[in-house]
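One structure is given here, and the rest of the page talks about it.
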Ligand SMILES: Nc1ncnc2c1ncn2[C@@H]1O[C@H](COP(=O)(O)OP(=O)(O)OP(=O)(O)O)[C@@H](O)[C@H]1O
Ligand SMILES: [Mg+2]
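Chains as they are written, first to last, in my numbering: chain V, 15 to 343; chain B, 989 to 1243.
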């Protein structure tokens, strides 16, 4: 659906996007991930024909962004970083104006306005002035604007920025709901968002692609061996974590045991297995045979944060962590 | 063409839903009304005086009232043109809505002409408000309507050119105040350039005075439709819109 080849954007004093290449298949949701200033917005602006690339090519929905910009624009819905709203218009008026710009008219226009309002849950503010809407509603109207003409491709620049946690969840669900009919690229620097919403991730840093893969593959790639969380409880007696740790370390194939936390009569450990060895069965047996209870045994998810830090290197990592913390709390 | 109309309607809506249009209209009507009664009063006073002196001069409403009034409208308009055009693109750039227009399947030129057309229509409505006063003149006097109509055509053509220049300047900045001030400066300059022609006859002076908009309004105000002047105004409109298009294109490289 989207093919990008060595796309480059140079400004007078810096290169914002440097030879980016990637592909997006039809119907996918792709997360465009990167720290502040990585070049996400710039890339999206080039894909939507708002900016002219300095070099490289891209096709969107089968149309070249240089040769057929009008066709590209007809097939994309775009939510810029700041929703492009006119405060003096009412929601329905605005959506109808955008619909007309995208070439809709008559009955179709009216039904699409109703559809977009419903889909983005803005029906109750249809007749309100956009300037008087709350931030979250404005974001949703921005989203409604992007889907009004039922585009093949949706390009969303930080669709959840500035929303409260409830609204963030609603927006993510909305985006996931849109996935089937539309191919979606969404940018973000909030990592949990990607693992929750996207199937595919493109990580960029300083204008370059550093990784393109599915979320699960990325997580596997970051950890070579298996990593599990084990919660052990003493049957009747209290539990000595040190003993349990020693026992776990003796299990064949275990390379490292980290004591995580201590409860009343239980203890949690993170156990890492050696490369290509499955240690879960042996771990369970060892715990039970020692007369303890095995409360929980599950794969420890590698957080995207860790992958991110590995991929984008030290200097940018602090900024990312800060941004991610700020947004998720 | 349809897209031009969509943009134009949206702009008119924005003008009229915010108090901008009404404010401009009322101010324009009040100021013009003042000029109108002022000129009328002066003309009546002087003709009374010449009557008293026993040498009644023939009254020519077109020459004595309509023509100076048209020039007055033109001067007042000069102050209003920047206020009409300053927001056209500067505001879209500031709020980011330019991204919507530039990524919709419409051509830049359709956006530009739509916005400019809305500005011209708003100016036309302002001109309409002056016709109320003129209606009074036509009821009690007996002026020739043809020269007045040609005068109005000249006003509209000249404003079209200045509005196109204002539209262009509005694409250069995201600050409305700067856009407005620069437009006023340029329009004023295009106006006063004509003055050098009054005392200088060298080539440079003739060129400068040719570039002035009032040089080309003179015959309109007399009620004479001179194609040279109409072509001049059309050229200004074309150049203004052309540079606006170039400016929008360069935004795609810079912003
Ligand atoms: N008009 C411009 N002129 C010069 N440099 C620019 C311009 N716009 C962006 N840049 C630079 O390009 C780089 C990439 O910016 P971009 O907005 O694409 O980052 P981003 O990934 O969207 O960041 P964020 O997460 O903060 O939104 C930045 O270093 C920025 O300073
Ligand atoms: Mg950005």
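Where is the CB? At the ideal position from N, CA and C, for every residue including glycine. Keep in mind the model is a prediction, meaning the values are calculated, not measured.
For a contact meaning CB atoms closer than 7 angstroms, what does residue i contact in chain V?
i                       : result
residue 1084 of chain B : 94, 96, 98
residue 1158 of chain B : Near residue 1158 of chain B there are no residues of chain V at all, since even the closest Cβ is about 16 angstroms away, more than 7 angstroms.
Run down chain B in chain order and give the residues with a C-beta less than 8 angstroms from the C-beta of residue i.
i                      : result
residue 88 of chain V  : 1093
residue 111 of chain V : 994, 998
Is residue i near ligand 1, judged by its Cβ being under 7 angstroms from some heavy atom?
i                       : result
residue 1084 of chain B : no
residue 1242 of chain B : yes
residue 55 of chain V   : yes
residue 203 of chain V  : yes
residue 52 of chain V   : yes
residue 156 of chain V  : no
residue 1173 of chain B : no
residue 48 of chain V   : yes
Answer yes or no: does any C-beta atom of chain V fall closer than 8 angstroms to that of residue i?
i                       : result
residue 1081 of chain B : no
residue 1241 of chain B : yes
residue 1002 of chain B : yes
residue 1090 of chain B : yes
residue 1051 of chain B : no
residue 1005 of chain B : yes
residue 1037 of chain B : no
residue 1231 of chain B : no
At a Cβ threshold of 8 angstroms, is residue i touching chain B?
i                      : result
residue 331 of chain V : Note that residue 331 of chain V has pLDDT 43, beneath the 50 cutoff, so the model's placement of it is unreliable and the number below is only indicative. No, residue 331 of chain V does not count as interfacial toward chain B.
residue 131 of chain V : no
residue 122 of chain V : no
residue 114 of chain V : yes
residue 338 of chain V : Interpretation of residue 338 of chain V is limited by its pLDDT of 47, a score under 50 that renders its predicted location unreliable; the figure taken from the coordinates is listed afterwards. No, its Cβ sits nowhere closer than 8 angstroms to a Cβ of chain B.
residue 343 of chain V : Caution applies to residue 343 of chain V, whose pLDDT of 36 falls short of 50 and renders its modelled position unreliable; the model cannot decide the point.
residue 335 of chain V : Only weak support is given to the placement of residue 335 of chain V: the predicted model assigns it a pLDDT of 47, under 50, and the question is left unresolved by the model.
residue 231 of chain V : no
Find the residues of chain V that neighbour residue i, judging by a C-beta separation of less than 9 angstroms, and give them in chain order.
i                       : result
residue 1009 of chain B : By Cβ distance, chain V contributes nothing, its closest Cβ being about 12 angstroms from residue 1009 of chain B, past 9 angstroms.
residue 1197 of chain B : Result: empty, since nearest Cβ-Cβ is about 40 angstroms, beyond 9 angstroms.
residue 1087 of chain B : 59, 62, 64, 92, 94, 95, 96, 98
Is any heavy atom in ligand 2 found nearer than 7 angstroms to the beta carbon of residue i?
i                       : result
residue 29 of chain V   : no
residue 23 of chain V   : no
residue 1118 of chain B : no
residue 137 of chain V  : no
residue 1217 of chain B : no
residue 1087 of chain B : no
residue 95 of chain V   : yes
residue 207 of chain V  : no
residue 254 of chain V  : no
Counting only Cβ pairs nearer than 7 angstroms, list the residues of chain B close to residue i.
i                      : result
residue 117 of chain V : 1093
What residues of chain V sit near residue i, judged by a beta carbon separation below 8 angstroms?
i                       : result
residue 1235 of chain B : The contacting residues do not exist; residue 1235 of chain B stays about 14 angstroms from chain V at best.
What residues of chain B sit near residue i, judged by a beta carbon separation below 9 angstroms?
i                      : result
residue 102 of chain V : 1001, 1002, 1005, 1006
Give a yes or no on whether 8 angstroms exceeds the smallest Cβ distance from residue i to chain D.
i                      : result
residue 252 of chain V : Among the protein chains of the structure shown, namely V and B, there is no chain D.
Whole runs of the alpha helix (DSSP H) within the region 57 to 96 of chain V, excluding any shorter than 4 residues: 83 to 89
Between the region 1115 to 1139 of chain B and chain V, which residues of the former have CB atoms less than 8 angstroms from a CB of the latter, in chain order? Along the region 1115 to 1139 of chain B, there is no position whose C-beta sits under 8 angstroms from a C-beta of chain V.
If we require 4 or more residues per run, which alpha helix (DSSP H) segments fall completely within the region 103 to 190 of chain V? 105 to 115, 120 to 133, 149 to 161
Taking only runs of the alpha helix (DSSP H) that begin and end inside the region 191 to 223 of chain V, which ones reach a length of at least 4 residues, in chain order? 205 to 211
Can you pull out the residues from the region 60 to 88 of chain V whose beta carbon lies closer than 9 angstroms to at least one beta carbon of chain B? 62, 63, 64, 65, 66, 68, 83, 84, 85, 86, 87, 88
Interface positions of the region 242 to 261 of chain V facing chain B (Cβ-Cβ less than 7 angstroms), listed along the chain: none
Any chance you could list the alpha helix (DSSP H) runs of at least 4 consecutive residues sitting entirely within the region 1199 to 1243 of chain B, in chain order? 1206 to 1209, 1215 to 1242
Alpha helix (DSSP H) segments (min. 4 residues) lying fully within the region 1091 to 1127 of chain B: none
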